[in-house]
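Trainee: Residue numbers (numbering that gives the first Met the number 0), protein chains in the order written: chain G, 0 to 354; chain X, 0 to 354; chain P, 0 to 354; chain W, 0 to 354; chain Z, 0 to 354. Ideal placement from N, C-alpha and C gives every residue a C-beta, glycine not left out. Sharing a structure with you now.
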Amino acid sequence: MNERIKKRSVKAGLPPGSLIHIGEKRVKTSRIHLIDYDENAFQEKTTATLEECYPFKDTASVTWIDIEGLRDIDLLEHLGSCYEVHPLILEDILNTDQRPKLDDMQDYLYVVLKMLDFNPAGNNIISEQVSIIFGKNFVISLQEGREGDLFEPLRERIRGNKSRIRKLGPDYLAYAILDSIIDRYFLILEKIAEKIEVLEEDLISHPGPEALSQIHDLKMEMIYLRKSVWPLREMISGLEKSDSELIRPATKIYLRDIYDHTIQIIDTIETYREMLSGMLDIYLSSVSNRMNQVMKVLTIIATIFMPLTFLAGVYGMNFKFMPGLNSRWGYPLFLVFMLLVGAVMYIYFKKKKWL
Amino acid sequence: MNERIKKRSVKAGLPPGSLIHIGEKRVKTSRIHLIDYDENAFQEKTTATLEECYPFKDTASVTWIDIEGLRDIDLLEHLGSCYEVHPLILEDILNTDQRPKLDDMQDYLYVVLKMLDFNPAGNNIISEQVSIIFGKNFVISLQEGREGDLFEPLRERIRGNKSRIRKLGPDYLAYAILDSIIDRYFLILEKIAEKIEVLEEDLISHPGPEALSQIHDLKMEMIYLRKSVWPLREMISGLEKSDSELIRPATKIYLRDIYDHTIQIIDTIETYREMLSGMLDIYLSSVSNRMNQVMKVLTIIATIFMPLTFLAGVYGMNFKFMPGLNSRWGYPLFLVFMLLVGAVMYIYFKKKKWL
Amino acid sequence: MNERIKKRSVKAGLPPGSLIHIGEKRVKTSRIHLIDYDENAFQEKTTATLEECYPFKDTASVTWIDIEGLRDIDLLEHLGSCYEVHPLILEDILNTDQRPKLDDMQDYLYVVLKMLDFNPAGNNIISEQVSIIFGKNFVISLQEGREGDLFEPLRERIRGNKSRIRKLGPDYLAYAILDSIIDRYFLILEKIAEKIEVLEEDLISHPGPEALSQIHDLKMEMIYLRKSVWPLREMISGLEKSDSELIRPATKIYLRDIYDHTIQIIDTIETYREMLSGMLDIYLSSVSNRMNQVMKVLTIIATIFMPLTFLAGVYGMNFKFMPGLNSRWGYPLFLVFMLLVGAVMYIYFKKKKWL
Amino acid sequence: MNERIKKRSVKAGLPPGSLIHIGEKRVKTSRIHLIDYDENAFQEKTTATLEECYPFKDTASVTWIDIEGLRDIDLLEHLGSCYEVHPLILEDILNTDQRPKLDDMQDYLYVVLKMLDFNPAGNNIISEQVSIIFGKNFVISLQEGREGDLFEPLRERIRGNKSRIRKLGPDYLAYAILDSIIDRYFLILEKIAEKIEVLEEDLISHPGPEALSQIHDLKMEMIYLRKSVWPLREMISGLEKSDSELIRPATKIYLRDIYDHTIQIIDTIETYREMLSGMLDIYLSSVSNRMNQVMKVLTIIATIFMPLTFLAGVYGMNFKFMPGLNSRWGYPLFLVFMLLVGAVMYIYFKKKKWL
Amino acid sequence: MNERIKKRSVKAGLPPGSLIHIGEKRVKTSRIHLIDYDENAFQEKTTATLEECYPFKDTASVTWIDIEGLRDIDLLEHLGSCYEVHPLILEDILNTDQRPKLDDMQDYLYVVLKMLDFNPAGNNIISEQVSIIFGKNFVISLQEGREGDLFEPLRERIRGNKSRIRKLGPDYLAYAILDSIIDRYFLILEKIAEKIEVLEEDLISHPGPEALSQIHDLKMEMIYLRKSVWPLREMISGLEKSDSELIRPATKIYLRDIYDHTIQIIDTIETYREMLSGMLDIYLSSVSNRMNQVMKVLTIIATIFMPLTFLAGVYGMNFKFMPGLNSRWGYPLFLVFMLLVGAVMYIYFKKKKWL
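Below you can see the structure in the form of structure tokens.
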């Protein structure tokens, strides 16, 4: 989490618009995946250079350029000059610690957000920044270049001749990209819900310090998730209410739909946070309950045996003249007396509900 | 609570508007309950297919189609094409983990909310999603299909010839449906109030770990309730302030009335949450009070008997020459001395208010 | 507090506008207190039926109908038809668990709030719902019918020939009723302030579990008070900013005045809440302080006498050959040695500040 | 703090605008300090009656009437009728428990706030209500009449011929009065900052229960301060944004300046509150740390000496046939054995980091 | 932190606009660094008097006057009269405890904020107030005069012939100054992130009281940081949305960029604050965990050895007739019995999970 922050300071003092990639370089070379389609035609290419994209720039068909890997600064600069992207936007694409946001640049809209996925190996959430630029006839999406691809089902739908997406414009494509990213958030929430459930059962059966650290870890994950999702709400609401001509009215109802999803995700995150707080209370008081249990036992043992030990000590004194010392029944009677004292104290504690 | 979230991820990657039912399938087949009425006429039918509803589509009278059970996707698709319902709305109907919301689709309004009921068997709240679509001359309500029916009193009122509802339009019917759902929330709150009262008495008479877990459960219930009711406020306020022509001005005062009810429910929920927080404090400090009580007893016993045991130990030493060993009064005098020491310490503790 | 909620569910399923009285029936029959006045004339009547009020309906003079007791549903229905009060308003009057609110019905304004009083017998706050309806030439006030009367000083002022109130309209009379209710809130706050002061002193002199339960009770009272007063602010602000013709501009400055009072009451409530939170902290830490004190004593006694008891135990062993056993000075020297050990430990604890 | 609230209830039931002085009567008679000035002329008088102020009422020069002591209700009534002050304003002046606020009465503006000062004798904050009424050519300030005078430096500046204040109107004078009151708040904050610093050092060197009660007292002071300053912000912002003709545009930049000061004071108060919360945490955990330290010692002593005492007890048993009883080396060897046991346990505890 | 507050009271009672420097005097004399540039020309001077700046006042080229050290009140007064700076602005420049803010004075804009830097020597944050005044053709920046210079890279960029900054106006220069200050905040956050990481590891490996005080210190630093950054957001948003002609539309996108940075910084601060709260919880419960561990050991030792000591005490009594006293197997059998008792208790504790 902190690694990102650390690298931002590299840029302190540089002029605005300096293109320096912040964050891990996930892939060695950038890969470009190009799709060009309209209602009738469809073309698909995988390439490493941007030159192959140029011919599509001025056609009426929708061009989707999906770039994986942000290592190649040159490629980005070419992209910038070709599609007239503002240097500050290019800088934002490379600074992979962006807060989700929307910039309306009139000729195109720039959207940046986090693509989250669950890593089954490490049992943790992995995160990747996705930038989306869309204009009159193009959509450019830029990923950091993690393994796996969330957009494949979407491409599949585009390849299908009859899908709605083929009849609609780049704004709908941009929406579809956002939708497939946000849909994945539900998976993350499910994984966390599973963890919370397991943890809740653990807390009841054997509350230990490791439960506490798991609560802590989940809390940190929720803080991170919330940080990623809260600004999303504002961003999608901005898209929905935008007066940009690039967003057709027919698309707005779809944007409203993912806005609802975002609200639902935020709601769920808040609910989980409250549940975790409740679990922390439960943990702390169950720990102190066990402790109290242990202390009670100590108290009972001590309060029973201390007087008895004292009594035994009394008859251990070496005075010559003590009643009963030489009597045959002295010892058994005293034993019985001590047993009685012990029994009375035990009953007293039972009655006081201390046992 | 989590079951719902889990199923949403099934849909990740599917195109928007895909109709997949999320949630338990409560009934095997969908049942359709049709009522058609105006001021003079009244007709009622229970059927399993939608075909019988078609004739009523273009009449001026109000048609109320109440569908129980969302299993039959085909039926929903027919409904969608017949009443020109947007695919995203159909999707929302099937995703039974919706947040309460209002969508104004111009030709009709879509409202979704939770219908809560108290299950006396499990002593818990059960929840069902209800969707309401209403247009110029129809109201469609869709339930998940739980046992029992909250709408029967409403139907009874419609059957009555002289009831106000017969003279008014579908907007009033939609309001009446909302009203009967929200009225039920008060019952839930009463049940919770009863639980809180019982719990409060329990806390005073015998605070145990099970009281804590009950507080925790009630808190979770309040979190869930709040999640269901908070967005309701916004939704009903949206209806009230809507400029849609489908809502007559005369209906708005009724909407204002249920808006007030919603505010009152939210207020009560917040009050209960604060009361539960207060009870948690009381519980924690009563537990620590009992603990302190126990510890005090331990301390008093220990501080009285430790010195006495030491004194007895002194005269248990085997030195040959110890004063009083051979005296007749050595033992009783020493006993009296020890009693005095014990009494002095006891009085000291009493005075220091430690007993 | 919960009793009110409980009765609301009686109405679930009934059509809106059903007149059922929720809450305790405080008086057996409703009493009507009628005052009619303008600058010159004054008339006063106490009656049980509404018929005597009809003649005043269409005169220009201000008519104040004060009804105590909501038992008589018929009376209310007559009132409703006579003054054309909306059925939902009548329902709100009878549902005595209303949140303070304002409804502008164009021909008249409806205001509902809580009238609080301090019950010296039970040392608690008692609450009664007051509804005020005022139009062009009338004010109707409806109380649940508690013993005693807060409005008597107001009536006295009206009886006086020269009072300002005689020259002004029903809006000013409604303000004056609100003012006398809100003025009483200050008394409640004073009583609570007294309780808090007593409690604060108690906390310092002898903090016990009953102090905690008193803090808890006061907290609950504050929660209830806040619930009654918060919406008041909005309600009076609504009156002040209302564009209804029923409120003359000259009255608005008076409404602004009680708005300021409400803010001040809310401020005071928030301050008391914070003070109570602070007192809870003080209580908890003073309890744990006493506990620590007790534990320290235990520790000191134990750490002094355990080694000594051990030493005594050593010379209590029955070995034949132990140095000093047969010496005359063995016992006194060993006693001195033990005293030294005890003294050293005591001084050590003193120095470590544990005593 | 509570004394003020208590007296407000005296007024319950009285008509609005009743002039009754709430609060301590600080001075026996009211003193009037009159200053009349314009760019060229200057006049100053100290008097006890208002008659001497009448001549200045209709001159163009600025008249500043400063009244100390609110005992003389007649004087206030004269003032009211002379300057046409609304009875509700006069009432507010006498109710010395006002929240800071601004009332725009068109012909004049009414401003009320708290004048705070630090009382070195009692080491506490003392507070006095100041009301300021200013119109076209006059400023009336009313103080409760505390010893000392915050406005003397301001008068000195007016006496000086060349000061800016002489060239400007009553709005600037009102600003200057506000400025000198708010400047004093910084002194209060410094005193509190000093107390916090001292307390922080105390907490580290010797945390005791008195530190806790000091934190509590400071917290209460912060609650009171915040209550006085928060509404100030709104009040000054109201002055700044007022469209009253009584405030010249040139004065607004000065009002903006004290608005900034108010924000800064609020910021500082919030910071101090957070610091005090942090200190409470530190205190509580340092207390429990010391306790833990003490408990550890008890545990170590007990766990070392209990087994040893048992061992000594074993050889104190009176069995005839025990190995080594009659041996010369029995006692020393057993002593060595016991020492070993003690040492092993001590080392074990050291290793476990319990010592 | 408090030092600043303390000095503000020096000014209480002085007329507004009095120029008194609050804060440490960091440098002995003020240094003036003058840069004058347009797209083609460039001039740079370091001087101690303002006279050399006069010639540039009325040229069209951008003049940047950077003043380090606020000791020289005369210099400031000259500056004020030369550039017609309002006395209140000059006062704000000298009061080095300003909250970040923006004042639009029509002819120029005044911006004040904190320049933070990390001091590796003291391992703490150092802070300096920077004021920026910019008008049609000039930018004046005023620093308190700390060692080192954050603006050198910026000057370097201006010196470069081809840099964008040379082609743009004073609004862009002001932006660039703000940008270089805010960029430095990321460094501060990284340093704090490092500290938090180290602390988190410390907490797990050896939680001690010094960890607590480090958490406390970091919390205080976060409070201070937040206080510096929160108002920044509003200030930059004010610049961005300003309708002043001094800010060209082309510059606004850059202002939007640093606005995003500010939001990101605030987000990060909030995240760190939540993390620190979580760490406090972890610390407190790990401390109590260790304590519990220690107490358990005490309990186990006590509950095993107390009964054994009692048993030994029984056979230490001096009764003549006790079974087994004279038997050969009495001692070893009793020893075995005692071992059995101890073992049973140990196993019992193991089973109860208390060990």
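Among residues of its own chain, excluding the 5 on either side of residue 237 (chain G), which ones have a beta-carbon nearer than 7 angstroms to its beta-carbon?
Mentor: Closer than 7 angstroms at the Cβ level, and outside the excluded window around residue 237 (chain G), lie 101.
Trainee: Rounding to the nearest angstrom, what Cα-Cα distance links residue 235 (chain G) and residue 116 (chain G) in this structure?
Mentor: Distance between the alpha carbons of residue 235 (chain G) and residue 116 (chain G) is about 20 angstroms.
Trainee: Mind listing the chain G neighbours of residue 156 (chain Z)? Cutoff is C-beta to C-beta under 8 angstroms, in chain order.
Mentor: Within chain G, the residues near residue 156 (chain Z) are 14.
Trainee: Report the rounded CA-to-CA distance for residue 282 (chain G) versus residue 92 (chain Z), giving the unit in angstroms.
Mentor: Residue 282 (chain G) and residue 92 (chain Z): Cα-Cα distance of roughly 53 angstroms.
Trainee: Have a look at residue 103 (chain P) and residue 243 (chain P) and give me their C-alpha separation to the nearest angstrom.
Mentor: Rounded to the nearest angstrom, the two C-alpha atoms are 8 angstroms apart.
Trainee: Which residues, in chain order, does the stretch 298-312 of chain Z contribute to contact with chain G at a C-beta distance below 7 angstroms?
Mentor: For the stretch 298-312 of chain Z, which is checked against every Cβ of chain G, the residues closer than 7 angstroms are 298, 301, 302, 305, 306, 308, 309, 312.
Trainee: Give the secondary structure of residue 4 (chain Z) by DSSP, where H, G and I count as helix, E and B as strand, and everything else as coil.
Mentor: Any reading at residue 4 (chain Z) needs caution, since the residue's pLDDT is 49, under 50, leaving its predicted position unreliable; the model's value is listed next. Helix at residue 4 (chain Z).
Trainee: By the 7 angstroms beta-carbon criterion, what residues does the stretch 191-216 of chain P contribute toward chain X?
Mentor: Of all residues in the stretch 191-216 of chain P, 208, 211, 215 have a Cβ within less than 7 angstroms of some Cβ in chain X.
Trainee: Is residue 317 (chain Z) closer than 9 angstroms to residue 307 (chain G) when the C-beta atoms are compared?
Mentor: In this structure, residue 317 (chain Z) does not lie closer than 9 angstroms to residue 307 (chain G) by Cβ.
Trainee: Please name the residue, chosen from Z:257, Z:151, Z:156, Z:274, that lies closest to residue 198 (chain Z) on a Cα-to-Cα basis.
Mentor: Of the listed residues, the one whose Cα sits closest to residue 198 (chain Z) is Z:274.
Trainee: Can you tell me the Cα-Cα spacing of residue 120 (chain G) and residue 33 (chain G), whole angstroms?
Mentor: In a straight line, the C-alpha of residue 120 (chain G) is about 31 angstroms away from that of residue 33 (chain G).
Trainee: How is the beta strand (DSSP E) around residue 126 (chain X) delimited, first residue to last?
Mentor: Its beta strand (DSSP E) spans residues 123-133.
Trainee: I want to verify the contact list: residues of chain Z whose CB lies under 7 angstroms from the CB of residue 263 (chain W), in sequence order.
Mentor: By Cβ distance, chain Z contributes 98.
Trainee: Identify every residue that forms a DSSP beta bridge with residue 32 (chain X).
Mentor: Per DSSP, X:45, X:65.
Trainee: Can you list, in chain order, the residues of its chain whose CB lies under 8 angstroms from that of residue 13 (chain P), leaving out five sequence neighbours each side?
Mentor: The residues are 19.
Trainee: According to DSSP, what are the bridge partners of residue 113 (chain X)?
Mentor: BP columns for residue 113 (chain X) point to X:128.
Trainee: Kindly indicate if chain Z contains any beta-carbon less than 9 angstroms away from that of residue 320 (chain G).
Mentor: It does not: the Cβ of residue 320 (chain G) has no partner Cβ on chain Z nearer than 9 angstroms.
Trainee: If the criterion is Cβ atoms closer than 9 angstroms, does the pair residue 300 (chain W) and residue 301 (chain P) meet it?
Mentor: Yes, these two residues count as a Cβ contact at 9 angstroms.
Trainee: Taking only beta-carbon atoms, is residue 288 (chain W) less than 9 angstroms away from chain Z?
Mentor: Yes, contact with chain Z.
Trainee: Pick helix, strand or coil for residue 100 (chain Z), following the three-state DSSP scheme.
Mentor: DSSP places residue 100 (chain Z) in strand when its eight states are reduced to three.
Trainee: Which complete alpha helix (DSSP H) runs does the stretch 134-191 of chain G hold, if anything under 4 residues is left out?
Mentor: As far as the stretch 134-191 of chain G is concerned, its whole alpha helix (DSSP H) runs of at least 4 residues are 151-158.
Trainee: Could you give the distance in angstroms between the alpha-carbon of residue 74 (chain G) and the alpha-carbon of residue 276 (chain G)?
Mentor: Looking at the two C-alpha atoms, the distance is approximately 47 angstroms.
Trainee: Report the residue from P:263, P:239, P:254, P:339 whose alpha carbon sits nearest the alpha carbon of residue 94 (chain W).
Mentor: Per the Cα distances, P:263.
Trainee: Taking only the alpha-carbon atoms, compute the straight-line gap between residue 4 (chain G) and residue 105 (chain Z) and give it to the nearest angstrom.
Mentor: Caution is warranted here: a pLDDT of 49 is assigned to residue 4 (chain G), below 50, making its placement in the model unreliable, and no coordinate value can be reported.
Trainee: Pull up the distance between the alpha-carbon of residue 265 (chain Z) and that of residue 155 (chain Z), whole angstroms please.
Mentor: Between residue 265 (chain Z) and residue 155 (chain Z), the C-alpha separation is close to 30 angstroms.
Trainee: First and last residue of the alpha helix (DSSP H) that includes residue 348 (chain W)?
Mentor: 329-350 is the span of the alpha helix (DSSP H), which, as asked, contains residue 348 (chain W).
Trainee: Relative to the alpha-carbon of residue 309 (chain Z), which residue among Z:340, Z:150, Z:290, Z:320 has its alpha-carbon at the smallest distance?
Mentor: Comparing Cα positions, the closest option is Z:340.
Trainee: Does any residue of chain G bring its CB to less than 9 angstroms from the CB of residue 129 (chain X)?
Mentor: No, its Cβ sits nowhere closer than 9 angstroms to a Cβ of chain G.
Trainee: Among the residues of its own chain, which have a CB less than 6 angstroms from the CB of residue 126 (chain P), if the five just before and after it don't count?
Mentor: Same-chain partners within the cutoff: 113, 115.
Trainee: What is the C-beta distance between residue 173 (chain G) and residue 129 (chain G), in whole angstroms, given that I count them as a contact (C-beta under 8 angstroms)?
Mentor: Incorrect: roughly 11 angstroms between the Cβ atoms, too far for contact.
Trainee: Closest Cβ-Cβ distance between residue 342 (chain X) and chain P: below 9 angstroms?
Mentor: Taking Cβ atoms only, chain P never reaches closer than 9 angstroms to residue 342 (chain X), which makes this a no.
Trainee: Keeping to the same chain, check which residues put their C-beta closer than 6 angstroms to that of residue 52 (chain W); ignore five residues upstream and five downstream.
Mentor: Excluding sequence neighbours, residue 52 (chain W) sits near 33, 64.
Trainee: What separation, rounded to the nearest whole angstrom, lies between the Cα atoms of residue 10 (chain Z) and residue 182 (chain G)?
Mentor: Whole-angstrom Cα-Cα distance: 60 angstroms.
Trainee: Can you tell me the Cα-Cα spacing of residue 208 (chain Z) and residue 256 (chain X), whole angstroms?
Mentor: When rounded, the distance between both Cα atoms is 58 angstroms.
Trainee: For a contact meaning CB atoms closer than 7 angstroms, what does residue 273 (chain X) contact in chain P?
Mentor: Per Cβ cutoff of 7 angstroms: 222.
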